[in-house]
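Numbers given in my numbering equal positions in the sequence shown, counted from 1, plus 14.
Right, one structure below, let's go through it.
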Amino acid sequence: MDFSLTEEQQLIQQAARDFAQTELLPEVVERDDAQRFPKEEVKKLGELGFLGMMVDPAYGGSGLDTLSYVLAMEEISKIDASTSVIMSVNNSLVCWGLEKFGSEAQKEKYLTKLSTGEQIGAFCLSEPEAGSDATSQTTTAIDMGDHYIVNGTKNWITNGGTASTYIVIAQTDKEKKHRGINALIIEKGAPGFEIGPKENKLGIRGSDTHSLIFNDVKVPKENRIGEDGFGFKFAMKTLAGGRIGIAAQALGIAAGAYELALKYSKERKAFGTEISNHQAIAFKLADMHTEIQAARLLVYQSALDKDNGNDYDLSGAMAKLYASKVAMETTVEAVQIHGGNGFVKDYHVERLMRDAKITQIYEGTSEIQKIVISRSILK
Ligand code: CAA
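Next comes the structure, spelled out in structure tokens:
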């Protein structure tokens, strides 16, 4: 596979790197501490075209490929994974699904606002009892002829408080199991739609994660995405692409921690020399560098599979499984290399370590990725 980047891809990578350094880095520690949503920063991301990167310019998007998207995700995640998850959900789980499967009217009404960042979107699948086991939806969307009535609760919804447009997965016909599930667009402010309290999280604390409560919410039929019963397939197809974005986030977290550890090891002295001259540290750096590059190749491969029209369920799941493992292990080692300073917020690596953990959980746990991978290789 040819992973050489075009001039345009390199420019996008550089623009994301510059944005992360100038706009995200200065207050990243404060935002994490205060659990403050990066409102201004996300607005600027939208102005730069990073919130609808793969969307057709006819709908306000940047019309770029998936590889450009993962390059940007990696750079933003090196500095601020709270911002990159907001970006990832909006790009992969909301804009992509709407553009691919939404009606013309839905695209006109919602997609342009979402891809320019005028509005933010949320993808609502998880429930208190249905995170990994996504077919067991208890949120119901009862068919009332020209509309649905939605009841239920969704959990751990990224952008839950700040979004304006919510794609909600709900069960219409229990008898039909996963073939009786629908994906509905619900707007903030719809009567009966309540936003639950914000979660106090271990990591990605700048992003806002909420439960959502639906009490007899009336949703017009024209807000259903695709045919009746398409909701589960919609969710699976959307998540398959979303996993590439989260794999790129994990890669960025790992690469960010490695870059900090490398720099620190050349500055910090112990036993009369820079600690990078001690093999105990140099070998850690060698492992980190190797594993990050392996993760990067998997992430790029999955992006290219998607861009080239190949199946990307397997490569996306492998990229997410491996990159999230590397993110966890690399950030722990980066803290270790920093010693006592690694435990202090100003050095950033403790935050990256906390942020890394979620990449092994959301958009399918590592165990779910192994289900997807093993099914694919055994079929
Ligand atoms: N593409 C298209 N269709 C797919 C598919 C895919 N990738 N994966 C499954 N399907 C289809 C199957 O073909 C099948 O359809 P038919 O019966 O018509 O053939 C149907 O979906 C059911 O498939 P399975 O029998 O394989 O379903 P399952 O119950 O065994 O589950 C699973 C499969 C992979 C475990 C799935 O439930 C899953 O991915 N779970 C994890 C869900 C998840 O990622 N949750 C995270 C929430 S979102 C989030 O985190 C967002 C955020 O805020 C950051």
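Ideal placement from N, C-alpha and C gives every residue a C-beta, glycine not left out.
**Report entry** Run of the alpha helix (DSSP H) containing D157, from where it starts to where it stops
**Finding:** In the sequence shown, the residue the question calls residue 157 occupies position 143. It is not in any alpha helix (DSSP H) - D157 instead sits in the beta strand (DSSP E) that spans T154 to D157.
**Report entry** Nearest-angstrom Cβ-Cβ length linking E141 and N169, presumed shorter than 8 Å
**Finding:** As a position in the sequence shown, residue 141 is number 127, starting the count at 1. As a position in the sequence shown, residue 169 is number 155, starting the count at 1. At roughly 6 Å, the Cβ-Cβ gap stays under 8 Å, so E141 and N169 are in contact.
Query raised in the report: Is H192 near the ligand CAA, with its Cβ less than 7 Å from a heavy atom?
Result: As a position in the sequence shown, residue 192 is number 178, starting the count at 1. Under cutoff, so the answer is yes.
Report task. Specify whether the stretch 106-120 and the stretch 48-63 touch according to this definition: at least 3 beta carbon pairs, one from each stretch, less than 8 Å apart. Result -> no
Report task. Give a yes or no on contact between the stretch 332-352 and the stretch 64-81, applying the rule of three or more CB pairs nearer than 8 Å. Result -> no
Query raised in the report: Is E377 helix, strand or coil when you go by DSSP?
Result: For this step, residue 377 is matched to residue 363 along the sequence shown. Coil, per DSSP.
**Report entry** Residues sharing a beta bridge with Y180, DSSP
**Finding:** On the sequence shown, residue 180 is found 166 positions in, with the first residue counted as 1. In DSSP, Y180 forms a bridge with A136 and I200.
**Report entry** Whether A29 touches I90 by CB criterion (8 Å)
**Finding:** The sequence position of residue 29 within the sequence shown is 15, counting from 1. The sequence position of residue 90 within the sequence shown is 76, counting from 1. In this structure, I90 does not lie closer than 8 Å to A29 by Cβ.
**Report entry** Residue environment, L25, which counts as buried when at least 16 other CB atoms sit within 10 Å
**Finding:** Here residue 25 refers to the residue found at position 11 of the sequence shown. Exposed, by the Cβ-count rule.
Query - Contact between the stretch 77-89 and the stretch 197-213 (3+ Cβ pairs under 8 Å) - result: no
Query raised in the report: For H224, which three-state DSSP category applies?
Result: Taking the first residue of the sequence shown as position 1, residue 224 is located at position 210. DSSP places H224 in the strand class (E or B) of the three-state scheme.
Report task. For F228, I'd like the list of residues in its chain whose CB is within less than 7 Å of its CB, leaving aside the five on either flank, ordered along the chain. Result -> Along the sequence shown, read from residue 1 onward, the residue named residue 228 stands at position 214. Same-chain partners within the cutoff: T153, V164, N165, G166, G206 and F207.
**Report entry** CB-CB length for I424 against S316, believed under 8 Å
**Finding:** Since the displayed the chain opens at 15 and closes at 393, residue 424 lies outside it and no answer follows.
Query raised in the report: Does the beta-carbon of G356 have 16 or more other beta-carbons within 10 angstroms, so that it is buried, or is it exposed?
Result: The residue you call residue 356 lines up with position 342 of the sequence shown. With 16 or more Cβ atoms within 10 Å of its Cβ, G356 is classed as buried.
Query raised in the report: How long is the line joining the alpha carbons of E288 and K277, rounded to whole angstroms?
Result: Start at 1 with the first residue of the sequence shown, and residue 288 comes out as number 274. Start at 1 with the first residue of the sequence shown, and residue 277 comes out as number 263. So the alpha carbons of these two residues sit roughly 11 Å apart.
Query raised in the report: Just to check, is the beta-carbon of S146 closer than 7 Å to a non-hydrogen atom of the ligand CAA?
Result: Here residue 146 refers to the residue found at position 132 of the sequence shown. For the ligand CAA, at least one heavy atom lies less than 7 Å from the Cβ of S146.
Report task. Using only the heavy atoms of the ligand CAA, determine whether one of them is closer than 7 Å to the beta carbon of D222. Result -> Counted from its first residue, the sequence shown places residue 222 at position 208. No, the beta carbon of D222 sits no closer than 7 Å to any heavy atom of the ligand CAA.
Query raised in the report: So who's on the other strand from V69, going by DSSP bridges?
Result: Along the sequence shown, read from residue 1 onward, the residue named residue 69 stands at position 55. Bridge partners of V69: none, in fact.
Report task. Reducing DSSP to helix, strand and coil, say where D94 ends up. Result -> Start at 1 with the first residue of the sequence shown, and residue 94 comes out as number 80. D94 falls in the coil class under three-state DSSP.
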